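Residue numbers (this note's numbering): 462 to 759.
1. Can you tell me whether DSSP reads residue 721 as helix, strand or coil?
2. Consult DSSP for residue 597 and reduce its assignment to one of helix, strand or coil.
3. Under three-state DSSP, which class holds residue 650?
4. Helix, strand or coil, according to DSSP, for residue 692 in the structure here?
5. Which residues does DSSP pair with residue 697 in a beta bridge?
6. Give the range of the beta strand (DSSP E) segment to which residue 614 is assigned.
7. Just reading off the beta strand (DSSP E) that residue 572 is part of, what are its end residues?
8. Select from 533, 510, 613, 668 the residue whose C-alpha is nearest the C-alpha of residue 648.
9. Span of the alpha helix (DSSP H) holding residue 730?
10. When we look at the beta-carbon of residue 554 and count the other beta-carbons within 10 Å, is it buried (16 or more) or exposed?
11. Smallest Cα separation from residue 721: which of 651, 571, 736?
12. Smallest Cα separation from residue 702: which of 583, 757, 605, 654?
13. Tell me the rounded alpha-carbon separation between residue 758 and residue 620.
14. Run through the DSSP bridge pairs and tell me what residue 515 is partnered with.
15. Go ahead and pull the three-state DSSP assignment for residue 539.
16. How far does the alpha helix (DSSP H) with residue 633 in it extend, from its first residue to its last?
17. Near residue 625, which residues of its chain fall below 6 angstroms by C-beta distance, leaving aside the five closest residues on each side in sequence?
18. Just reading off the alpha helix (DSSP H) that residue 561 is part of, what are its end residues?
19. How many Å lie between residue 728 and residue 617 at the Cα?
20. Where does residue 642 fall in DSSP's three states?
21. Kindly give me the distance between the Cβ atoms of residue 622 and residue 590, rounded to whole angstroms, as I take these residues to be in contact under 8 angstroms.
22. Report the three-state DSSP secondary structure of residue 548 (helix, strand or coil).
23. Grouping DSSP H, G and I as helix and E and B as strand, with all else coil, what is residue 686?
In structure tokens, the structure reads:
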């Protein structure tokens, strides 16, 4: 009888140990699955996402950082992208396939929101872009960014803003930087001559008002003859303002390359940059932009 009782005690101990083992296994399983879920929620393709990072006090002053997964200590060039939207709309999430495309090319990709009209003037929007550049420079080490290789890129209204910030030293000077702090600028269908643009598109008077002096001050063309500007690449349909900008900038000793769009639509330029789905022209455009960036970031 005593032997039977002893065996029952042993069985109870073994069952208890088994339960503890199963409980420990369950906890470990949950932790592993939880970690995997967290990882995939914070990655997109091969890049890590850091979303809605603040660079100012206004809710619109935020940015998203997409970083390649690279070895610790490695420094990468960065593309700071400004969306289009007629200066009244748009969002930093409107980036199509560009984050995955450029991170796979070895760039950190930063997509920026800025304040919009009517709450903000074009000057304040440009100030926001400059503040975002300053944030990138100040936080370069955190995101493995090479602060000597900051590249601006913008589409439509964003193209006007990055070109304005890169050609008029006033904006970057406000945050303790200069246009020489930029490695390059890529404008995707950004208007360069606001006087001509608003005369043809009068609805944008709601953004820039009626004062043609204001239009001129918002025009990158006004500053095209400034010396020592960063290398620029213009993707655009051929216009007189593009030709005038290129001519003036080159006479001042600046580097300006371009890709003339023939069949792509205004929205298609940004939609198909870096996409495998576009036309032959879209692929040629992408290759031209990549070659330009590689030239100054290798």
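The C-beta atom is built at its ideal place from N, Cα and C for all residues, glycine as well.
Because the structure is a prediction, the values reported are computed rather than measured.
Well, looking at it:
1. strand
2. Looking at residue 597 - three-state DSSP - the assignment turns out to be helix.
3. In the three-state reduction of the DSSP assignment, residue 650 falls in the coil class.
4. coil
5. BP columns for residue 697 point to 721.
6. 606 to 616
7. 569 to 573
8. Minimum Cα distance to residue 648 is reached at 613.
9. Residue 730: member of the alpha helix (DSSP H) spanning 727 to 732, first to last residue.
10. exposed
11. Nearest of 651, 571, 736 to residue 721, Cα basis: 651.
12. 654
13. Looking at the backbone, the Cα of residue 758 and that of residue 620 are separated by about 20 angstroms.
14. For residue 515, the beta-bridge partners assigned by DSSP are 523.
15. DSSP places residue 539 in strand when its eight states are reduced to three.
16. 630 to 635
17. 587, 681.
18. 559 to 565
19. 9 angstroms
20. helix
21. 5 angstroms
22. In the structure shown, the three-state DSSP call for residue 548 is coil.
23. coil
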